[in-house]
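A.B. asks: Chains as they are written, first to last, in our numbering: chain A, 81 to 371; chain B, 1346 to 1694; chain C, 61 to 348.
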Amino acid sequence: MPEAIHKPPSERAQRVFIYSVLLLFVVYFLAPFFVMFITSIKTMDEIRNGTLIALPRQPTLEPWLKAWGYATIGVTNEGIRGFFWNSIRMVIPAVLISTIIGAVNGYVLSKWRFRGSDTFFAMLLLGCFIPFQVILLPMARTLGLLGLSESVWGLVLVHVVYGLAFTTLFFRNYYVAVPSELVNAARIDGAGFFRIFWRIMLPISTPIFMVTIIWQTTQIWNDFLFGVCFSTGETQPITVALNNLVNTSSAVKEYNVDMAAAIIAALPTLFVYFVAGKYFVRGLTAGAVKG
Amino acid sequence: MASLKIQNVCKSFGAVDVLKGIDLEIESGEFLVLVGPSGCGKSTLLNLIAGLETVTSGDVLIGDRVVNAVSPKDRDIAMVFQSYALYPNMNVRKNLSFGLETRKVAKPEIDATIERVAQMLQITDLLDRKPAQLSGGQRQRVAMGRALARNPKIFLFDEPLSNLDAKLRVEMRTEIKRLHQRIHTTIVYVTHDQIEAMTLADRVVVMKQGIVQQVGTPTEIYDTPANTFVASFIGSPAMNLMQGEIEGGTFRGTNVEIAGLSAADGPVTLGFRAEDAAVADTSADIKAPIYTIELLGDATMLTVRAGGEMVSVKAAKDFRAEIGDAVSISVPVGVCHLFDHESGERLAS
Amino acid sequence: MLETALPKLVVAPSFVVMIIFIYGFILWTLYISMTKSTFLPTYDFVGLVQYAKLWRIERWWVACRNLLVYGGLFIVLCTTFGLLLAIFLDQKIRIEGALRTIYLYPLALSFVVTGTAWKWILNPGLGIERLVREMGWTSFTFDWLVTSEMSIYCVVIAAVWQSTGFVMAMFLAGLRGIDDSIIKAAQVDGAGLRRIYWKIIIPSLRPVFFSSFIILTHIAIKSFDLVVVLTRGGPGYSSDLPATFMYAYAFTRGRLAMGAASAMIMFAMVMAIIVPYLYSELRRKRHA
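#1: By the DSSP assignment, the beta strand (DSSP E) with Phe354 of chain A in it spans what residues?
#2: Rounded to whole angstroms, what is the Cα-Cα separation between Ala1546 of chain B and Ala1644 of chain B?
#3: Express the C-alpha separation of Asp125 of chain A and Val220 of chain C in angstroms, rounding to a whole number.
#4: Check whether the stretch 119 to 138 of chain C and the stretch 199 to 216 of chain C touch, using three or more Cβ-Cβ pairs below 8 Å as the test.
#5: Quick check: the Cα distance between Ala265 of chain A and Phe1426 of chain B, rounded to an integer number of angstroms?
#6: Along the stretch 280 to 308 of chain C, what residues have a CB closer than 7 Å to any CB found in chain A?
#7: Counting only beta-carbon separations shorter than 8 Å, does Gly207 of chain A have a partner in chain C?
#8: Looking at the C-beta of Asn1508 of chain B, does it have a partner C-beta in chain A at a distance below 8 Å?
#9: So what's Ile153 of chain A in DSSP terms, helix, strand or just coil?
#10: I believe Val1624 of chain B touches Phe1684 of chain B by the beta-carbon criterion, under 8 Å. Please report the beta-carbon distance rounded to the nearest angstrom.
#11: Since Met203 of chain A meets chain C, which of its residues come closer than 7 Å, beta carbon to beta carbon?
#12: In whole angstroms, what is the alpha-carbon distance linking Arg95 of chain A and Ile155 of chain C?
#13: Is there a Cβ of chain C sitting closer than 8 Å to that of Asn327 of chain A, yes or no?
#14: Using a C-beta to C-beta distance shorter than 7 Å, which residues of chain A count as neighbours of Ile1422 of chain B?
#15: Throw me the rounded Cβ distance for the Ala1651 of chain B and Ile1631 of chain B pair, which I believe falls under 8 Å.
#16: Which chain A residues sit within Cβ distance under 8 Å of Leu1397 of chain B?
#17: Compare the beta carbon distance of Phe117 of chain A and Ile343 of chain A with 8 Å and say whether it is the shorter of the two.
#18: Return the residue from the list B:Leu1406, B:Glu1504 and B:Gly1482 that minimises the CA-CA distance to Lys1498 of chain B.
#19: What three-state label does DSSP hand Gly186 of chain A in the structure shown?
#20: I'd like to know whether the C-beta of Arg193 of chain A is nearer than 8 Å to at least one C-beta of chain B.
#21: Mind checking which residues open and close the beta strand (DSSP E) that includes Glu1590 of chain B?
#22: Closest by CA to Ile147 of chain C, which one among C:Tyr309, C:Lys179, C:His278 and C:Phe231?
#23: With a cut-off of 8 Å, does the C-beta of Ala1671 of chain B fall near any C-beta of chain A?
#24: By the three-class DSSP mapping on this structure, what secondary structure does Ser90 of chain A have?
#25: Any heavy atom of the ligand NAD closer than 7 Å to the beta-carbon of Phe105 of chain C?
#26: Tell me where the alpha helix (DSSP H) around Phe1376 of chain B begins and ends.
#27: Since Thr131 of chain A meets chain C, which of its residues come closer than 7 Å, beta carbon to beta carbon?
#28: Would you say Pro1563 of chain B reaches chain A, if we count a Cβ-Cβ gap shorter than 8 Å as a contact?
#29: Mind listing the chain F neighbours of Pro218 of chain A? Cutoff is C-beta to C-beta under 7 Å, in chain order.
#30: Using CA atoms only, rank isn't needed, just tell me which of A:Ala356, A:Ile288, A:Ala134 and A:Asp303 is closest to Val238 of chain A.
#31: Closer than 8 Å, CB to CB, is Tyr1432 of chain B near chain A or not?
#32: Between which two residues does the beta strand (DSSP E) carrying Gly1552 of chain B extend?
#33: Which chain B residues sit within Cβ distance under 9 Å of Pro283 of chain A?
#34: Got a sec, what are the start and stop residues for the beta strand (DSSP E) Ser1657 of chain B sits in?
#35: Measure the C-alpha to C-alpha separation of Thr76 of chain C and Ala1395 of chain B and round it to an integer number of angstroms.
#36: Please list the terminal residues of the continuous beta strand (DSSP E) segment that includes Ser1675 of chain B.
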């Protein structure tokens, strides 16, 4: 569009309107986080006597320290830090295992297709969509039988199993776009199944590893359903602990501590989002337009 | 170097029969070109030789060994792909050495081989670059280098020049020819470009719909096409084919009458090449108004309607006329090819 | 023939896991739903009794009705706002990158965090109600969170806040994928900008509408965390959704069979939408 020096007034009004609407939504999207943050550094007195958007007069870190270190959650008085580490201990192995298996599966389903591999893929694809309620009861029972219902490893298993469909999908769709001639050339050069994967496919897979790792990290860190169903007490992930903190029926509600805890629970995924937003969005749309 | 035999090979993908009983023998050191329109099965045949696909029935023999169940890496072949298929993450040197490393060739030998191949193809300066930093022609050279470095029994080329622009294509064509004359390895080369086929091949295999139409030297294919498909596929422009009847040794069709042929009476397809006919004043085998006229520089190409088809004739470069002018064309009996009017097969003369 | 067997061997474990943990478990749940299991699963087959009972439970009806209201509003609002934002962002906005980052960040958050934030904002004592009253409108009341008829709308507000950016991202990708020459042709034909959008651009986004509809429906049916944190299904069970109903019956009230039956119905709902979608997607890919 050629840049006109004197825009007609109607066009200028239109631009103003567009920018106003866009900025209005900025307020809508930022306001909750802003409110959370200022609440988390107010004292309870200030909260009771002020409004949502009043800036703190005497900012305090006390709610953060309490949320992290000594707030009462369930039966313990040690804040959410233990649950934070639970989530970390759960996320790292679950993400790594599901991503690696997904990469190999995707490689086979795109470059070494066999009779039935398309059916396998279709079944797996369907698995991306099932409402997990439909597997909760058998899973709870199975974890019990395996003796994993009280440990973080139980959740790792669950997240690996139900993350596989997504990771396989991501890698398969990425590798489908890699020309098969490349694999054929390597086969003629004498490379076998694993060598081709290792020397040819892996070195060009950095973007899809980023997408998959970020997607899985966000999904698993943010999961609540599996956490609440398959863990108890001290093995719970942070989302479950946060809910327990927020929804206790104890006498005094400490909103500032709640907000501090919520921000702490959000920090890892927010960090990932702001550092690697490009891959995050690509994962969203890749997960959306499946097939 | 090795010979190659294809014996009654069939290949089906599900219900689709791509190759329907192919028989070929390729001598050691021969340059064989498989040519045909897209979908004729030529690339599938190449993949079967490479071992990238397995035959549905029949045998592939390298040397005297049946290799149907031998995986590509154990067939001692090298292949150049249409898209070059250079490993994007490796530099040129690594691309060349990958196949040797997988075969556990000693390091000094690898270095020597790369040196030799790089010099042969003039890519020594490019050894440290990644494929993405190369031009199309350079990638092509590297792809050939990768095949050469392996020093295989058989080279396979899958339309290696079709991603290059016209000028580069001609250049690389001569280079490939020169290469073969130097190393004399057996080559099977697939293309859809009949000029490539004619210029490169010791022998040409013309294929259509999974069936071999004709095998022969370029001259044989050009001068005595086995059927109307080969006649119209090889040569530029394609051979003129006219429909008509023979009666007492004279071929008659719309605007055309050629006497002195020795063939049985009945309907027939008569073919001749544009350069074998001439514009004439007296003789009048074809008499028709000019339909188009093109100046080619070294000649003038005319087309007229005759025998129910468009017929092109090469005239002298200074020939001038207007569209619609009547023109007389002589077609000597010696240059006429007769084909069965239904099957299209060549009639014995 | 190790070479041909190897790929199959490599995916075999995943295949087995999928068969057991997805399809086997679905059948297992189906079976539990046809028993009289209470606190522990029992395997006495009673047929479809639980399903018949389920539809006589008031709370299940509330959950389904809520899903309709919540799902409907959620889809319509997310699509409207998402499309609007995408079109506006596509007008050569100078700070587009920054705006996109802001619109999308809620997606990185857990629904539990989102729920915690909105629970505080919508809280009748100290939240928006107090804010508006302090600004001078002293009779203002905003107590949806604790009102049975309105609490589900609180869930809608929070869910729309979280998911609008996602729909925007999809529409924006769709808009960027439209062939410029079509728009130029329309301009040459004398169509105004608004007309071009209504008659050409928005209709050509039909596939995006379709996939975002599918995804939003899918999110709506699976919604669980947000309700638990924001309203705990309450007051009473007024803001229950099928997912929270299932959890309550299966895990806290010891009615396993009933929980399994409700899970199977959720499964059927999702499949009714997803299977035709996937089928058409895969078919389109094959014909493309």
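Cβ atoms here follow ideal geometry from the backbone N, Cα and C, with glycine treated the same way.
C.D. replies: This is what the structure holds:
#1: Phe354 of chain A -> not in any beta strand (DSSP E); alpha helix (DSSP H) instead, spanning Tyr335 to Val355.
#2: 27 Å
#3: 32 Å
#4: yes
#5: 8 Å
#6: Ile281, Lys282, Phe284, Asp285, Val288, Val289, Arg292, Ala303 and Met306
#7: yes
#8: no
#9: strand
#10: Rounded, the Cβ-Cβ distance is 25 Å, inconsistent with contact.
#11: Met78
#12: 13 Å
#13: yes
#14: Ile268
#15: 5 Å
#16: Asn264, Arg267 and Ile268
#17: yes
#18: B:Leu1406
#19: helix
#20: no
#21: Asn1585 to Glu1592
#22: C:Phe231
#23: no
#24: helix
#25: Within the structure as shown, the ligand NAD is missing, as the structure has no ligands at all.
#26: Here Phe1376 of chain B belongs to no alpha helix (DSSP H); instead the beta strand (DSSP E) covers Phe1376 to Val1380.
#27: Arg190, Leu191 and Glu194
#28: no
#29: The question asks about chain F, but that chain is absent: this structure's protein chains are A, B and C.
#30: A:Asp303
#31: yes
#32: In the sequence on display, residue 1552 of chain B carries Met and not Gly. Segment Arg1548 to Lys1553, the beta strand (DSSP E) holding Met1552 of chain B.
#33: Tyr1432, Pro1433, Asn1434 and Met1435
#34: Glu1654 to Ala1660
#35: First, the amino acid is wrong: residue 76 of chain C is Val here, not Thr. One C-alpha to the other measures close to 34 Å.
#36: Ala1671 to Ser1675
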